[in-house]
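*Asks:* I'd like to ask some things about the structure below.
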Amino acid sequence: DSSICLALMLREYKTEEILSLGFKYNQRHSAELFQAEKIAKHFGVERRVVDLSLLSTLTRDALTDSSIPIEHLPGEAPNTLVVGRNGLMARLAAIHAHHLGAGSIVMGVMELEGANSGYRDCSRAYMDKMQEILRLDLDNPHFTIRTPLVKMTKRETMELADSLGVLEYLLENTISCYEGLFGRGCGRCPACLLRNEGIDAFYGTKV
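The numbering of the sequence shown is my numbering, which starts it at 89 and goes up by one.
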(Lines of atoms letter the chains of each structure in order from A; the text may use other names.)
(Lines give C-alpha, C1' and ligand atoms only; values in the text may rest on other atoms or scores of the structure.)
Protein backbone atom coordinates (compact mmCIF):
# COMPACT_ATOMS: atom_id res chain seq x y z
CA ASP A 89 0.00 0.00 0.00
CA SER A 90 2.84 2.40 0.82
CA SER A 91 4.47 1.56 -2.51
CA ILE A 92 1.25 2.34 -4.36
CA CYS A 93 1.20 5.69 -2.56
CA LEU A 94 4.79 6.27 -3.69
CA ALA A 95 3.85 5.57 -7.32
CA LEU A 96 0.86 7.89 -6.97
CA MET A 97 2.96 10.73 -5.55
CA LEU A 98 5.37 10.41 -8.45
CA ARG A 99 2.49 11.68 -10.59
CA GLU A 100 2.42 14.88 -8.53
CA TYR A 101 6.02 15.50 -7.53
CA LYS A 102 9.53 15.20 -8.91
CA THR A 103 11.64 12.35 -7.56
CA GLU A 104 13.90 14.77 -5.71
CA GLU A 105 10.86 16.19 -3.89
CA ILE A 106 9.92 12.80 -2.39
CA LEU A 107 11.45 10.96 0.55
CA SER A 108 10.56 7.34 1.31
CA LEU A 109 10.72 6.91 5.09
CA GLY A 110 10.75 3.47 6.69
CA PHE A 111 10.76 2.24 10.27
CA LYS A 112 12.71 -0.63 11.77
CA TYR A 113 10.95 -1.87 14.89
CA ASN A 114 12.09 -5.51 15.06
CA GLN A 115 9.15 -6.52 12.90
CA ARG A 116 9.15 -10.22 12.08
CA HIS A 117 8.73 -9.34 8.40
CA SER A 118 11.85 -7.15 8.34
CA ALA A 119 12.42 -8.27 4.74
CA GLU A 120 9.93 -5.54 3.85
CA LEU A 121 12.62 -2.96 4.64
CA PHE A 122 15.01 -4.46 2.10
CA GLN A 123 12.27 -4.55 -0.52
CA ALA A 124 11.19 -0.98 0.22
CA GLU A 125 14.76 0.20 -0.32
CA LYS A 126 14.86 -1.70 -3.61
CA ILE A 127 11.57 -0.13 -4.71
CA ALA A 128 12.70 3.38 -3.77
CA LYS A 129 15.86 2.88 -5.79
CA HIS A 130 13.80 1.58 -8.72
CA PHE A 131 11.76 4.79 -8.73
CA GLY A 132 14.79 7.02 -8.12
CA VAL A 133 13.58 8.23 -4.72
CA GLU A 134 15.71 8.82 -1.62
CA ARG A 135 15.16 6.28 1.16
CA ARG A 136 15.79 6.63 4.89
CA VAL A 137 15.06 4.25 7.77
CA VAL A 138 14.37 5.24 11.37
CA ASP A 139 15.43 2.74 14.03
CA LEU A 140 12.56 2.12 16.47
CA SER A 141 13.95 -1.12 17.86
CA LEU A 142 13.24 0.10 21.39
CA LEU A 143 9.52 -0.31 20.66
CA SER A 144 9.78 -4.06 21.16
CA THR A 145 11.14 -3.45 24.67
CA LEU A 146 8.09 -1.36 25.61
CA THR A 147 5.36 -3.73 24.45
CA ARG A 148 4.94 -7.36 23.43
CA ASP A 149 3.06 -8.62 20.41
CA ALA A 150 3.38 -11.22 17.68
CA LEU A 151 4.61 -8.72 15.11
CA THR A 152 7.73 -7.76 17.06
CA ASP A 153 8.29 -11.09 18.83
CA SER A 154 8.59 -14.00 16.40
CA SER A 155 8.40 -16.49 19.28
CA ILE A 156 4.69 -15.65 19.67
CA PRO A 157 2.44 -17.57 17.23
CA ILE A 158 0.17 -15.30 15.19
CA GLU A 159 -3.44 -15.51 16.36
CA HIS A 160 -6.60 -13.72 15.30
CA LEU A 161 -9.65 -14.71 17.33
CA PRO A 162 -13.14 -13.73 16.10
CA GLY A 163 -14.26 -10.38 17.44
CA GLU A 164 -10.81 -9.45 18.72
CA ALA A 165 -7.84 -7.55 17.32
CA PRO A 166 -5.07 -9.91 16.19
CA ASN A 167 -2.06 -10.29 18.44
CA THR A 168 0.01 -8.69 15.64
CA LEU A 169 -1.43 -5.31 16.64
CA VAL A 170 1.35 -2.95 17.72
CA VAL A 171 -0.57 -0.43 19.80
CA GLY A 172 -0.12 3.13 18.54
CA ARG A 173 2.35 2.16 15.81
CA ASN A 174 0.85 4.23 13.00
CA GLY A 175 0.42 7.24 15.26
CA LEU A 176 4.05 7.02 16.32
CA MET A 177 5.20 6.68 12.72
CA ALA A 178 3.04 9.61 11.65
CA ARG A 179 4.45 11.82 14.40
CA LEU A 180 8.08 10.98 13.61
CA ALA A 181 7.53 11.35 9.87
CA ALA A 182 5.86 14.72 10.43
CA ILE A 183 8.72 15.96 12.60
CA HIS A 184 11.19 15.07 9.85
CA ALA A 185 8.94 16.52 7.14
CA HIS A 186 8.76 19.78 9.08
CA HIS A 187 12.55 19.80 9.38
CA LEU A 188 12.81 19.37 5.61
CA GLY A 189 10.27 22.10 4.93
CA ALA A 190 7.60 19.71 3.64
CA GLY A 191 3.93 20.36 4.33
CA SER A 192 2.58 16.83 4.25
CA ILE A 193 3.25 13.15 4.76
CA VAL A 194 1.59 10.28 2.90
CA MET A 195 0.57 7.02 4.56
CA GLY A 196 -0.82 3.85 2.99
CA VAL A 197 -3.33 3.10 5.75
CA MET A 198 -6.70 1.59 4.86
CA GLU A 199 -9.87 1.52 6.92
CA LEU A 200 -10.44 -1.97 5.55
CA GLU A 201 -7.62 -3.16 7.79
CA GLY A 202 -9.32 -1.66 10.80
CA ALA A 203 -12.63 -3.31 9.94
CA ASN A 204 -11.20 -6.71 9.01
CA SER A 205 -8.13 -6.92 11.21
CA GLY A 206 -8.99 -4.73 14.18
CA TYR A 207 -6.17 -2.24 13.59
CA ARG A 208 -7.59 0.85 15.25
CA ASP A 209 -4.97 3.24 13.88
CA CYS A 210 -5.80 2.70 10.21
CA SER A 211 -8.90 4.90 9.97
CA ARG A 212 -9.20 8.39 8.55
CA ALA A 213 -10.80 9.47 11.83
CA TYR A 214 -7.66 8.39 13.67
CA MET A 215 -5.45 10.25 11.21
CA ASP A 216 -7.62 13.36 11.51
CA LYS A 217 -6.95 13.34 15.25
CA MET A 218 -3.22 12.88 14.63
CA GLN A 219 -3.25 15.65 12.04
CA GLU A 220 -4.89 18.02 14.52
CA ILE A 221 -2.21 17.26 17.12
CA LEU A 222 0.62 17.57 14.59
CA ARG A 223 -0.61 20.97 13.45
CA LEU A 224 -0.25 22.11 17.06
CA ASP A 225 3.15 20.44 17.41
CA LEU A 226 4.50 22.02 14.25
CA ASP A 227 2.66 25.33 14.58
CA ASN A 228 1.39 24.77 11.06
CA PRO A 229 -2.41 24.84 10.59
CA HIS A 230 -2.02 23.51 7.04
CA PHE A 231 0.10 20.42 7.70
CA THR A 232 -1.58 17.38 6.16
CA ILE A 233 -1.53 13.62 6.61
CA ARG A 234 -2.54 12.31 3.20
CA THR A 235 -4.15 8.87 3.06
CA PRO A 236 -5.14 8.30 -0.58
CA LEU A 237 -6.05 4.62 -0.10
CA VAL A 238 -7.91 4.92 3.19
CA LYS A 239 -11.44 4.37 1.82
CA MET A 240 -10.49 1.82 -0.84
CA THR A 241 -10.93 -1.94 -0.98
CA LYS A 242 -7.91 -4.08 -1.78
CA ARG A 243 -9.32 -4.69 -5.25
CA GLU A 244 -9.51 -0.94 -5.80
CA THR A 245 -5.88 -0.52 -4.74
CA MET A 246 -4.96 -3.19 -7.30
CA GLU A 247 -6.91 -1.27 -9.94
CA LEU A 248 -5.10 1.93 -9.00
CA ALA A 249 -1.69 0.26 -9.18
CA ASP A 250 -2.66 -1.21 -12.55
CA SER A 251 -3.70 2.22 -13.86
CA LEU A 252 -0.33 3.58 -12.71
CA GLY A 253 1.44 0.80 -14.60
CA VAL A 254 3.13 -0.62 -11.51
CA LEU A 255 0.89 -3.51 -10.40
CA GLU A 256 2.96 -6.41 -11.69
CA TYR A 257 6.19 -4.87 -10.44
CA LEU A 258 4.78 -4.26 -6.96
CA LEU A 259 3.21 -7.72 -6.70
CA GLU A 260 6.61 -9.21 -7.49
CA ASN A 261 8.65 -6.95 -5.23
CA THR A 262 6.56 -6.11 -2.17
CA ILE A 263 6.12 -8.19 0.97
CA SER A 264 2.95 -7.93 3.04
CA CYS A 265 3.17 -11.30 4.78
CA TYR A 266 4.09 -11.13 8.47
CA GLU A 267 6.28 -14.18 7.97
CA GLY A 268 8.25 -12.30 5.32
CA LEU A 269 7.19 -14.53 2.42
CA PHE A 270 6.84 -13.29 -1.16
CA GLY A 271 3.89 -13.73 -3.47
CA ARG A 272 0.79 -15.02 -1.75
CA GLY A 273 2.77 -15.33 1.47
CA CYS A 274 1.78 -17.67 4.27
CA GLY A 275 -1.89 -17.26 3.39
CA ARG A 276 -2.89 -17.15 7.06
CA CYS A 277 -1.80 -13.86 8.65
CA PRO A 278 -4.13 -10.82 8.49
CA ALA A 279 -1.96 -9.11 5.86
CA CYS A 280 -1.99 -12.15 3.56
CA LEU A 281 -5.73 -12.64 3.87
CA LEU A 282 -6.43 -9.07 2.78
CA ARG A 283 -3.79 -8.97 0.04
CA ASN A 284 -4.84 -12.29 -1.48
CA GLU A 285 -8.50 -11.34 -1.31
CA GLY A 286 -7.68 -8.21 -3.31
CA ILE A 287 -5.59 -10.11 -5.86
CA ASP A 288 -8.33 -12.68 -6.38
CA ALA A 289 -11.01 -10.00 -6.71
CA PHE A 290 -8.94 -7.97 -9.19
CA TYR A 291 -7.92 -10.83 -11.44
CA GLY A 292 -11.39 -12.32 -11.18
CA THR A 293 -12.79 -9.19 -12.81
CA LYS A 294 -10.09 -9.35 -15.50
CA VAL A 295 -10.99 -12.87 -16.67
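Just so you know, even glycine gets a beta-carbon here, dropped at the ideal spot from N, CA and C.
What did DSSP end up calling Leu151 once you bin it into helix, strand or coil?
*Replies:* Position 63 of the sequence shown, counting from 1, holds the residue named residue 151. In this structure, Leu151 counts as coil in the three-state DSSP scheme.
*Asks:* Which of the three DSSP states is assigned to Gly316 in this structure?
*Replies:* Since the first residue of the chain shown is 89 and the last is 295, residue 316 is not available in this structure.
*Asks:* Among residues of its own chain, excluding the 5 on either side of Ala128, which ones have a beta-carbon nearer than 8 Å to its beta-carbon?
*Replies:* Locating residue 128 in the sequence shown gives position 40, where the first residue counts as 1. If we look at Ala128 and ignore the five residues flanking it on each side, its Cβ neighbours are Leu94, Ser108, Glu134, Arg135.
*Asks:* Let me confirm a value: His117 is counted as buried when at least 16 other C-beta atoms fall within 10 Å, else exposed. Which label applies?
*Replies:* For this step, residue 117 is matched to residue 29 along the sequence shown. His117 is buried by the Cβ-count criterion.
*Asks:* Secondary structure at Thr245, three-state DSSP: helix, strand or coil?
*Replies:* Stepping through the sequence shown from its first residue, residue 245 is reached at position 157. Three-state result, Thr245: helix.
*Asks:* Closer than 8 Å by C-beta to Glu247: which residues in its own chain qualify, once you throw out the five before and the five after it? Chain order, please.
*Replies:* Taking the first residue of the sequence shown as 1, we reach residue 247 at position 159. Once the five neighbours on either side are set aside, the close Cβ partners of Glu247 are Phe290.
*Asks:* Can you tell me whether Gly103 is helix, strand or coil according to DSSP?
*Replies:* Along the sequence shown, read from residue 1 onward, the residue named residue 103 stands at position 15. Looking at the sequence shown, residue 103 is not Gly but Thr. Helix, per DSSP.
*Asks:* Contact between the segment 208-219 and the segment 175-190 is defined here as three or more beta-carbon pairs at a separation below 8 Å; is this criterion met?
*Replies:* The answer is yes - the segment 175-190 touches the segment 208-219, with three or more Cβ pairs under 8 Å.
*Asks:* Assign Gly271 to one of two classes, buried (16 or more other C-beta atoms within 10 Å of its C-beta) or exposed (fewer than that).
*Replies:* By one-based count along the sequence shown, residue 271 stands at place 183. Burial call: exposed.
*Asks:* For Lys239, which three-state DSSP category applies?
*Replies:* Start at 1 with the first residue of the sequence shown, and residue 239 comes out as number 151. Three-state DSSP puts Lys239 in coil, outside helix and strand.
*Asks:* May I have the straight-line CA-CA distance separating Leu169 from Gly191, to the nearest angstrom?
*Replies:* Here residue 169 is taken as the residue at index 81 of the sequence shown, counted from 1. Here residue 191 is taken as the residue at index 103 of the sequence shown, counted from 1. Going by the C-alpha atoms only, they are around 29 Å apart.
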